[in-house]
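S.K.:
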Amino acid sequence: MSAPPWEAEFPGRLEHELTCLEAAGIRYDIDDAASRHGVLQLRMTAIGDAAVDMTVSFPDLYPFVRPSVRLTGDQAAPMAHHVHPFSGDLCLIGRSTALWHTDDTLAWLLTTQLPKTLQAGQVTATSAEEVEALAGVEEAQAEPWTDYYTCFDAGSMILVDSSWTLPTTRTQGALGLRLSRLDPTSVDATQGAGLLHGAVFTVSDDSGKVLCSLSGQNPDRFARPVTGRWARLDASVRGNTPEAFLTELRRAAPRLLDGAWQPAPVNGWELQIFGLTFPEERVHRGTGDGWVFLVRLRPTGGRTQQQVKRGRGQRGVPPAPGKTTTHLIRAGYAGQADMAARVPELVGLQDRHAAVFGVGALGSTVTEHLARAGIGQLTVVDRDHLEPGNLVRHAARLDMAGWDKAFTASQIALSVAPDVRVNVIQYAIGAPRNALRPDHRNEIDAWTDVIDSVDLVVDCTAEKGVQQALAWLARRRGKPYLAVSASNGGWGGRVAQLPSAPGAACWYCLEYALNDESIPPVSAAPEEDGVQPVGCADPTFAGSGFDLAEVALHAVRVAVATLQQGRPGGYPGSGHGVYVLALRTPDGTPVPPTWTGLALPVHPLCRGDH
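So in the working numbering the end of the sequence shown lands on 915, straight run, no missing numbers.
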């Protein structure tokens, strides 16, 4: 039995809507045919003295969401803005659902918002003065056509760079692409990983001259090179099917399809890839080059793979022998500037280098989010391997179990930030040597080289002996040091920052402050609550991934602020030396995550070198 309609759920609301319409001089008819299908739809015939032809549909979740209003009949003339090109729905208020209030009415939309929308929708503003004149009439927001297409292949994407500006004199040419995935069995699938994932690394003209290239992505992450062709269209495609795009391609560049078939990087298949660029809004009332891609696929002979039976959670079947399928692929903007656009405070991290020692529960999350933030280079150090049980609080996947943790961390970083450079060191800090090295160098020399190459040392080892050694090495080489730790049970954590500046507190100042409790202790579960999982040589602390992530993520904040220190507009730091997290009280009572920032001065008992 279905839920009652909104007009029954909210008695009197429909009557209120109709009363407001009549008070505003708006005439309407209720569509009886739509009502028989459970949809409340009104046909508007006049607003005051002006005749109109509009259809209004009330959604099932009204009044929590706005009604749909679209021009119909002779009034459905195309508008350049504020109308969905395929459904005809008018954008009477901005897209945010917060702009519609439950006490708003259809009458308000039609009398207050509709005139503004019709005015702005028919204006073609090109100059700065014309755009400025629209302030208060429309939101300063671009309306890209590609946002309206619904015929893209689900799960597929080809990466491009929004900084590309192709010369207007060039109308077609070649694409240098690389694919990370191509799965012909995904044809006709409605969800999942999609047909392909790839990137355009070069765009060339017909003479072979490279016009632009992709920044911010690592070609090594896209193992399969393929070629493609591109063509310029005069306008966005007014159809919403892959075939409509193919028709426009044939019209704009009829010879481009000739001989464009190539062996696919999957045995038994051939493919064509075409990039279509056309003018679309990139900024408010400003156009640039929009992109979509057409991919055509056909078997080279009979069926090359076993049919995959359709069923819950399964793919479709490969195309029939000789059948050509055409797919529209979404462009994803992934240039260096695109990847940083959502976090302007992090611009500049690409020339910074951090070393993360210990990439387990804390260090793997620190590594992942430093990479996401856009750091240019990471060095990850760990001697251990990944156990399946680590995954309850590690950033890795199950198929990584058995890998060295340092290598695992490198792959996590590369999976979220393909342009980051990662150095992997699988070594136990402080291991004894049995022989003199031929170059007479020792471990201090080796770690000095590592620390000299970085801008920040992040210590997630939670091993006091290692922490002392790394803090000493960082101090003697003039590099800032960050110690990150969590308490047993995940009851709390601590992030301690030791600057490299002369006169700053050292590791032993921190130890003195912890000993006299001028820095309060972190709440911790009783030691007997620790565990030694089967197969592990040492006991480990208990604690969940979501609790430990609180510690790791704050460590990333402090690390980024340290790396951005002194840069105008960079991510700000709070100026504290130690941060203490409470997730539980000393008796184990859970509390909302609470960070306390404390100063870390030189301790009066410390006789270290400051």
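Cβ coordinates follow ideal geometry from the N, Cα and C atoms, glycine included.
#1: Using beta-carbon positions only, say whether residue 422 and residue 396 come within less than 8 Å of one another.
#2: In terms of residues, what are the limits of the beta strand (DSSP E) holding residue 817?
#3: Can you look up residue 709 in the DSSP assignment and give me helix, strand or coil?
#4: Give me, in chain order, the residues of the same chain whose beta-carbon lies closer than 7 Å to that of residue 674; leave out the 5 immediate sequence neighbours on both sides.
#5: Do residue 598 and residue 558 have their C-beta atoms within less than 8 Å of each other?
#6: Can the beta-carbon of residue 570 be found less than 8 Å from the beta-carbon of residue 526?
#7: In chain order, what are the residue ranges of uninterrupted beta strand (DSSP E) at least 3 long that sit wholly in the segment 653–683?
#8: Can you name, in chain order, every residue of its own chain whose Cβ lies under 8 Å from the Cβ of residue 346, other than the five neighbours on each side?
#9: In this structure, how does DSSP classify residue 554 when only helix, strand and coil are distinguished?
#10: Give the C-beta separation of residue 595 and residue 743 to the nearest angstrom, bearing in mind that I take them to be a contact with Cβ-Cβ under 8 Å.
#11: I think residue 464 touches residue 433, with their Cβ atoms under 8 Å apart; what is that distance to the nearest whole Å?
#12: Per DSSP, which one or two residues make a beta bridge with residue 517?
#13: The alpha helix (DSSP H) that contains residue 777, what's its start and end?
#14: Let me check one thing: in DSSP terms, what residues is residue 530 bridge-paired to?
#15: Taking Cβ positions, are residue 889 and residue 797 nearer each other than 8 Å?
#16: Can you tell me whether residue 695 is buried or exposed? The criterion is at least 16 other CB atoms within 10 Å of its CB, across all chains shown.
#17: When the Cα atoms are used, what is the spatial distance from residue 415 to residue 551?
#18: Within 10 angstroms of the Cβ of residue 741, are there 16 or more other Cβ atoms? Answer buried if so, exposed if not.
#19: Going by beta-carbon coordinates alone, are residue 654 and residue 868 separated by less than 8 Å?
#20: Can you give me the C-alpha to C-alpha distance between residue 600 and residue 534, rounded to a whole angstrom?
#21: In the structure shown, what three-state DSSP assignment does residue 790 receive?
#22: Select from 829, 763, 791 the residue whose C-alpha is nearest the C-alpha of residue 803.
#23: Just mark residue 391 as buried or exposed, buried being the case when its beta carbon has 16 or more other beta carbons within 10 Å.
#24: Pull up the distance between the alpha-carbon of residue 372 and that of residue 321, whole angstroms please.
#25: So residue 783 and residue 805 are supposed to be a Cβ contact under 8 Å. How far apart are they, rounded?
#26: Applying the criterion that 16 or more other CB atoms from any shown protein chain within 10 Å of the CB defines a buried residue, is residue 793 buried or exposed?
#27: Between residue 456 and residue 523, how many whole angstroms is the CB-CB distance? I'm expecting something under 8 Å.
#28: Could you compute how far the alpha carbon of residue 684 sits from the alpha carbon of residue 519?
#29: Once you ignore the five residues that flank residue 385 on each side, which residues in its own chain have a CB closer than 8 Å to its CB?
#30: Taking the continuous beta strand (DSSP E) assigned at residue 635, which residues delimit it?
#31: State the DSSP-derived secondary structure class of residue 899, mapped to helix, strand or coil.
#32: Taking the C-alpha atoms as reference points, what is the distance between residue 370 and residue 583?
#33: Just to confirm the assignment, what range does the beta strand (DSSP E) spanning residue 592 have?
#34: Going by alpha carbons, who is nearest to residue 671 out of 330, 856, 443, 511?
#35: For residue 458 versus residue 497, is the C-beta distance shorter than 8 Å?
#36: Comparing alpha-carbon positions, which option in 488, 325, 445 lies nearest residue 409?
M.R.: So, to answer that:
#1: Taking the sequence shown and counting its residues from 1, the one referred to as residue 422 is at position 117. Taking the sequence shown and counting its residues from 1, the one referred to as residue 396 is at position 91. Contact flag set, yes.
#2: In the sequence shown, residue 817 corresponds to position 512, counting from 1. It is not in any beta strand (DSSP E) - residue 817 instead sits in the alpha helix (DSSP H) that spans 812–820.
#3: On the sequence shown, residue 709 is found 404 positions in, with the first residue counted as 1. Here residue 709 sits in strand by DSSP.
#4: Start at 1 with the first residue of the sequence shown, and residue 674 comes out as number 369. Taken in chain order, the residues that qualify are 858, 861.
#5: Here residue 598 refers to the residue found at position 293 of the sequence shown. Here residue 558 refers to the residue found at position 253 of the sequence shown. Result no, Cβ atoms of residue 598 and residue 558 do not sit closer than 8 Å.
#6: Numbered from 1 along the sequence shown, position 265 holds the residue referred to as residue 570. Numbered from 1 along the sequence shown, position 221 holds the residue referred to as residue 526. Contact flag unset, no.
#7: 658–662
#8: Within the sequence shown, the letter at position 41 stands for residue 346. Excluding sequence neighbours, residue 346 sits near 335, 336, 339, 340, 360, 361, 362, 363.
#9: The sequence position of residue 554 within the sequence shown is 249, counting from 1. Helix at residue 554.
#10: Along the sequence shown, one-based indexing puts residue 595 at 290. Along the sequence shown, one-based indexing puts residue 743 at 438. That pair is no contact at about 60 Å.
#11: As a working note, residue 464 is residue 159 in the sequence shown. As a working note, residue 433 is residue 128 in the sequence shown. The C-beta distance from residue 464 to residue 433 rounds to 32 Å, too long to fall under 8 Å, and the pair is not in contact.
#12: As a position in the sequence shown, residue 517 is number 212, starting the count at 1. The partner list for residue 517 (beta bridge, DSSP) reads 508.
#13: Indexing the sequence shown from 1 puts residue 777 at position 472. Residues 769–781.
#14: For the purposes of this step, residue 530 is taken as the residue at position 225 of the sequence shown. BP columns for residue 530 point to 483.
#15: As a position in the sequence shown, residue 889 is number 584, starting the count at 1. As a position in the sequence shown, residue 797 is number 492, starting the count at 1. Yes. Within cutoff.
#16: Walking along the sequence shown from the start, residue 695 turns up at place 390. Looking at its Cβ environment, which holds 16 or more other Cβ atoms inside 10 Å, residue 695 is buried.
#17: Taking the sequence shown and counting its residues from 1, one reaches residue 415 at position 110. Taking the sequence shown and counting its residues from 1, one reaches residue 551 at position 246. Straight-line Cα distance between these residues: approximately 39 Å.
#18: As a working note, residue 741 is residue 436 in the sequence shown. Using a 10 angstroms sphere on the CB of residue 741, the tally of other CB atoms stays under 16, which defines it as exposed.
#19: Walking along the sequence shown from the start, residue 654 turns up at place 349. Walking along the sequence shown from the start, residue 868 turns up at place 563. Their beta carbons are under 8 Å apart, which means residue 654 touches residue 868 by this criterion.
#20: Indexing the sequence shown from 1 puts residue 600 at position 295. Indexing the sequence shown from 1 puts residue 534 at position 229. So the alpha carbons of these two residues sit roughly 11 Å apart.
#21: For the purposes of this step, residue 790 is identified with residue 485 of the sequence shown, where counting begins at 1. Three-state result, residue 790: strand.
#22: Position 498 of the sequence shown, counted from the first residue, corresponds to residue 803. Relative to residue 803, the option among 829, 763, 791 whose CA is nearest is 763.
#23: Taking the sequence shown and counting its residues from 1, one reaches residue 391 at position 86. Classification of residue 391: exposed, given that the 10 Å Cβ count is below 16.
#24: One-based indexing of the sequence shown puts residue 372 at position 67. One-based indexing of the sequence shown puts residue 321 at position 16. Each residue's Cα considered, the two are about 15 Å apart.
#25: Working through the sequence shown from its first residue, we reach residue 783 at position 478. Working through the sequence shown from its first residue, we reach residue 805 at position 500. The Cβ separation is near 5 Å, so the contact holds.
#26: Against the sequence shown, residue 793 aligns to sequence position 488. Residue 793 comes out buried.
#27: Taking the first residue of the sequence shown as 1, we reach residue 456 at position 151. Taking the first residue of the sequence shown as 1, we reach residue 523 at position 218. Separation of the CB atoms of residue 456 and residue 523 is rounded to 31 Å, and the pair is thereby denied contact status at 8 Å.
#28: Taking the sequence shown and counting its residues from 1, one reaches residue 684 at position 379. Taking the sequence shown and counting its residues from 1, one reaches residue 519 at position 214. Residue 684 and residue 519: Cα-Cα distance of roughly 25 Å.
#29: Position 80 of the sequence shown holds residue 385. Hits under 8 Å: 426, 427, 428, 429.
#30: On the sequence shown, residue 635 is found 330 positions in, with the first residue counted as 1. Taken as a continuous stretch (DSSP letters only), the beta strand (DSSP E) holding residue 635 covers 630–638.
#31: Residue 899 sits at position 594 when you count from the first residue of the sequence shown. Here DSSP, grouped into helix, strand and coil, assigns residue 899 to strand.
#32: For the purposes of this step, residue 370 is taken as the residue at position 65 of the sequence shown. For the purposes of this step, residue 583 is taken as the residue at position 278 of the sequence shown. Between residue 370 and residue 583, the C-alpha separation is close to 34 Å.
#33: Along the sequence shown, one-based indexing puts residue 592 at 287. First-last of the beta strand (DSSP E) with residue 592: 591–604.
#34: Along the sequence shown, one-based indexing puts residue 671 at 366. The option with the nearest alpha carbon to residue 671 is 856.
#35: Numbered from its first residue, the sequence shown carries residue 458 at position 153. Numbered from its first residue, the sequence shown carries residue 497 at position 192. No, the pair does not count as a contact, with Cβ atoms beyond the cut-off.
#36: Position 104 of the sequence shown, counting from 1, holds the residue named residue 409. Checking every option, the nearest Cα to that of residue 409 belongs to 325.
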